[in-house]
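Novice: This structure is in structure tokens; I'll ask about it shortly.
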Amino acid sequence: MQKIALRIPKGPDFKAPTSVAIRSGNLLFVSGMAAHAREGKAVGVGDAEAQTRQALDNLKALVKPVGGTLDDVVKLTVFVRNIADRPKVNRVVGGILRRTVSAGNPGEGDGPRRGGLARGNLKQGGAV
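Using our numbering, read the sequence shown as starting at 7 and increasing by one per residue.
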């Protein structure tokens, strides 16, 4: 099966040796969707809600050109610097991915599976 590397149209160029996303058949695997603006600078440093919105905007910009929407998301994992920010992140994600259900409540809804992890050091002052 052919694999195709994708980039965010008019998005930040991270100059990394990895792809932002790989499309394989009807599946799109996305990695490391950070809260960066098109210029490559971090958005809302220290603000978990602003960074969550930006990361989801970047994800939306990535899936749209290949015919996808955020409703097509199957699994979402969010890394937060401070676990106390998780309720803020959940509010933003829940508002944008309205059908999202918590990974702790299997069988509820048809939204994507979601998990969250706390991690002390995120790049460029990231809260999310």
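No residue lacks a Cβ here, since even glycine has one placed at the ideal position from N, Cα and C.
Does DSSP put Leu-62 in a helix, a strand or coil?
Specialist: One-based indexing of the sequence shown puts residue 62 at position 56. In this structure, Leu-62 counts as helix in the three-state DSSP scheme.
Novice: Would you decide whether Lys-9 is buried or exposed? Buried here means 16 or more other CB atoms lie within 10 Å of its CB.
Specialist: Position 3 of the sequence shown, counting from 1, holds the residue named residue 9. Lys-9 comes out exposed.
Novice: Consult DSSP for Arg-97 and reduce its assignment to one of helix, strand or coil.
Specialist: What you label residue 97 is simply residue 91 of the sequence shown in a count that begins at 1. DSSP places Arg-97 in helix when its eight states are reduced to three.
Novice: In terms of residues, what are the limits of the beta strand (DSSP E) holding Leu-34?
Specialist: As a working note, residue 34 is residue 28 in the sequence shown. 33 to 36 is the span of the beta strand (DSSP E), which, as asked, contains Leu-34.
Novice: With DSSP as the reference, label Leu-68 as helix, strand or coil.
Specialist: The sequence position of residue 68 within the sequence shown is 62, counting from 1. Correct three-state label for Leu-68: helix.
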